[in-house]
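In full-length UniProt numbering, the protein residues as written are 1 to 358. Yeah, the Cβ is synthetic: ideal placement off N, Cα and C, and Gly gets one too.
Now the structure itself:
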């Protein structure tokens, strides 16, 4: 039954390329194929659904449990090393502004409002975000990304390298800034991309949201890699050092979750974080803290965290889906190039609401 389900899944994926990016794709596929197999095999629905779920875990659907075979990794990484711009540098912001980037490209097939938002963003002036705000969901993700990478490297015994902004070799208007790529040749994750999400309040389900799945697909196309580990991590901060010390040991909480420490400094008027070595002992931390405090004299505060929840799933590259998506990307790119010259993009700006006073 599993073999039959696997064949049906592969056919279903090819026939529904225009829908695979949707959050609901896997659920809808299981429901539809369950009904089909129930008629063909005259089995109980729950048995069929279990068979489909097993088959889906090994098939290259929206996600998979098994990484596709990767080839020519050394050559691919050498190309990326030569063609990137450091993340969040002024040059990075400027280059990204001129490109359609993976993180926002889901808007290409979004609502009219989302398409207009993307066009206006690319036609308007470059906005460089200063590193002064330390609150909110966006900053939370930036703050904990290094901890997520350290956790990933620890549990997978691997090494992650950041490559900044990279452009597509065939479509130079298309760019991506992946969170990192596995570069340790001895690791089973070698050559696999890593994309991290640190939800501020959203529940982790293991099912990548539409915009994240599209982001990973475009990043894999830009970098010519065939698999991406999509890691979601949820961190909670302790209110005090007393709460941190009362929960388990220095390294683990009472229920076996990882915990650690971040030091917050001010450097040249901007925030700066230093991260204690992941899973370090009390003695190792004390030595590290002493050295770090000397290096960065403008200390602000210490933050104590625990890894409340995590989930990592493999997103396989779907070249056929990208070919379906590509005409929409090119169309938006052409619109941006035209309207940037004519200033017609200003007509797409949100209309200001007039306040009527009586």
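For this session: Determine the closest residue to residue 169 out of 148, 187, 223, 157, with distance taken between C-alpha atoms.
Result: On the chain shown, residue 169 is found 169 positions in, with the first residue counted as 1. For residue 169, the closest alpha carbon among the candidates 148, 187, 223, 157 is that of 223.
Exercise. By DSSP, does residue 359 sit in helix, in strand, or in coil?
Worked result: The requested residue 359 is not part of the displayed model; the chain covers only 1 to 358.
Exercise. Where in the segment 275 to 334 do unbroken runs of the alpha helix (DSSP H), each at least 4 residues long, occur, reported from the N-terminal end onward?
Worked result: 282 to 295
For this session: Would you grab the beta carbon distance between residue 293 and residue 299 for me? Rounded to a whole angstrom, and I think it's under 8 angstroms.
Result: By one-based count along the chain shown, residue 293 stands at place 293. By one-based count along the chain shown, residue 299 stands at place 299. Taking 8 angstroms as the upper bound for CB-CB distance, residue 293 and residue 299 are in contact here, some 6 angstroms apart.
For this session: Using the Cα positions of residue 290 and residue 141, report the straight-line distance between them to the nearest angstrom.
Result: Along the chain shown, one-based indexing puts residue 290 at 290. Along the chain shown, one-based indexing puts residue 141 at 141. Rounded to whole angstroms, the separation of the alpha carbons of residue 141 and residue 290 is 27 angstroms.
Problem set entry | With 16 other Cβ atoms within 10 Å as the buried cut-off, status of residue 202 | Along the chain shown, read from residue 1 onward, the residue named residue 202 stands at position 202. Residue 202 is exposed by the Cβ-count criterion.
Exercise. Which same chain residues, not among the five before or five after residue 117, have their C-beta less than 7 angstroms away from its C-beta?
Worked result: On the chain shown, residue 117 is found 117 positions in, with the first residue counted as 1. Excluding sequence neighbours, residue 117 sits near 107.
Problem set entry | Residues bridged to residue 110 (per DSSP) | Working through the chain shown from its first residue, we reach residue 110 at position 110. None, per the DSSP bridge assignment.
Problem set entry | the segment 333 to 344 / the segment 261 to 270 touching (three or more Cβ pairs under 8 angstroms) | no
Problem set entry | Local Cβ density within 10 Å of residue 350, reported as buried at 16 or more and exposed below that | Position 350 of the chain shown holds residue 350. Classification of residue 350: exposed, given that the 10 Å Cβ count is below 16.
Exercise. In whole angstroms, what is the alpha-carbon distance linking residue 174 and residue 217?
Worked result: Within the chain shown, residue 174 is the residue found at index 174, counting from 1. Within the chain shown, residue 217 is the residue found at index 217, counting from 1. Taking the straight line joining both Cα atoms gives about 12 angstroms.
Exercise. Residues in its own chain within less than 7 angstroms of residue 184 by CB, not counting five upstream and five downstream?
Worked result: Counted from its first residue, the chain shown places residue 184 at position 184. Hits under 7 angstroms: 158, 159, 190.
Exercise. Pick from 273, 53, 241, 233: whose alpha carbon is nearest that of residue 258?
Worked result: Position 258 of the chain shown holds residue 258. The alpha carbon of residue 258 has as its nearest neighbour, out of 273, 53, 241, 233, the alpha carbon of 233.
Exercise. Using a Cβ-Cβ cut-off of 6 angstroms (strictly less than) and excluding sequence neighbours within five positions of residue 250, which residues of its own chain qualify?
Worked result: As a working mapping, residue 250 is identified with position 250 in the chain shown. Here the set comprises 282.
Exercise. Do three or more CB pairs link the segment 232 to 246 to the segment 320 to 329 at distances below 8 angstroms?
Worked result: no
Problem set entry | When 335, 99, 50 are compared against residue 37, the one with the closest alpha-carbon | Translated into the one-based positions of the chain shown, residue 37 becomes position 37. When only C-alpha atoms are compared, the closest one is 50.
Problem set entry | Distance between residue 47 and residue 35 (C-alpha atoms, nearest Å) | Here residue 35 corresponds to residue number 35 of the chain shown, with the count starting at 1. Here residue 47 corresponds to residue number 47 of the chain shown, with the count starting at 1. One C-alpha to the other measures close to 12 angstroms.
Exercise. For residue 29, which three-state DSSP category applies?
Worked result: Walking along the chain shown from the start, residue 29 turns up at place 29. The answer is helix: DSSP assigns residue 29 an H, G or I state.
Problem set entry | Minimum length 3: unbroken beta strand (DSSP E) runs contained in the segment 220 to 279 | 227 to 237, 259 to 267, 270 to 275
Problem set entry | Selected residue, minimal CA-CA separation from residue 311, among 71, 72, 194 | Here residue 311 refers to the residue found at position 311 when the chain shown is read from its first residue. The residue with the shortest Cα to Cα distance from residue 311 is 194.
Exercise. Which residues share a DSSP beta bridge with residue 182?
Worked result: Translated into positions along the chain shown, residue 182 becomes position 182. DSSP lists 160 as partners of residue 182.
Problem set entry | Continuous alpha helix (DSSP H) stretch holding residue 197: start and end | By 1-based counting over the chain shown, the position of residue 197 is 197. Residue 197 -> not in any alpha helix (DSSP H); beta strand (DSSP E) instead, spanning 193 to 197.
For this session: From the DSSP output, in three-state form, read off residue 100 for me.
Result: As a position in the chain shown, residue 100 is number 100, starting the count at 1. The answer is strand: DSSP assigns residue 100 an E or B state.
Problem set entry | Buried versus exposed call for residue 307 [16 or more other C-beta atoms within 10 Å across all chains shown] | Within the chain shown, numbered from 1, the residue matching residue 307 stands at position 307. With 16 or more Cβ atoms within 10 Å of its Cβ, residue 307 is classed as buried.
Exercise. Based on Cα-Cα distance, which residue from 152, 32, 273 lies nearest to residue 139?
Worked result: For this step, residue 139 is matched to residue 139 along the chain shown. It is 273 whose Cα lies nearest to the Cα of residue 139.
For this session: Determine the closest residue to residue 332 out of 122, 75, 198, with distance taken between C-alpha atoms.
Result: Taking the first residue of the chain shown as 1, we reach residue 332 at position 332. Of 122, 75, 198, the residue nearest in Cα terms is 122.
Exercise. Beta-carbon separation of residue 314 and residue 192 under 9 angstroms?
Worked result: Translated into the one-based positions of the chain shown, residue 314 becomes position 314. Translated into the one-based positions of the chain shown, residue 192 becomes position 192. In this structure, residue 192 lies closer than 9 angstroms to residue 314 by Cβ.
For this session: Determine the burial state of residue 301: buried for a count of at least 16 other Cβ atoms within 10 Å of its Cβ, exposed for fewer.
Result: Counting from one through the chain shown, the residue named residue 301 turns up at place 301. By the 10 Å Cβ count, residue 301 comes out exposed.
For this session: Measure the beta-carbon distance from residue 316 to residue 64 and round it to whole angstroms, keeping in mind my assumption that it falls under 8 angstroms.
Result: To locate residue 316, count along the chain shown from 1; it is residue 316. To locate residue 64, count along the chain shown from 1; it is residue 64. Yes, residue 316 and residue 64 are in contact; Cβ-Cβ is about 5 angstroms, under 8 angstroms.
Exercise. In the DSSP assignment, what are the bridge partners of residue 64?
Worked result: Numbered from its first residue, the chain shown carries residue 64 at position 64. Per DSSP, 314.
For this session: Note down, in chain order, each residue of its chain lying with its Cβ closer than 6 angstroms to the Cβ of residue 187, except the 5 sequence neighbours on either side.
Result: Stepping through the chain shown from its first residue, residue 187 is reached at position 187. Correct list, in chain order: 158.
Problem set entry | Cβ-based burial, residue 182 [other Cβ within 10 Å; buried from 16] | As a first step, residue 182 must be located in the chain shown, where it is residue number 182. Classification of residue 182: buried, given that the 10 Å Cβ count is 16 or more.
Problem set entry | 6 angstroms CB neighbourhood of residue 247 in its chain, flanking five on each side removed | The residue labelled residue 247 in the question sits at position 247 within the chain shown. Excluding sequence neighbours, residue 247 sits near 253, 254.
Exercise. Cβ atoms of residue 146 and residue 200: under 9 angstroms apart, would you say?
Worked result: As a first step, residue 200 must be located in the chain shown, where it is residue number 200. As a first step, residue 146 must be located in the chain shown, where it is residue number 146. It is not a contact, given that the beta carbons lie outside the stated cut-off.
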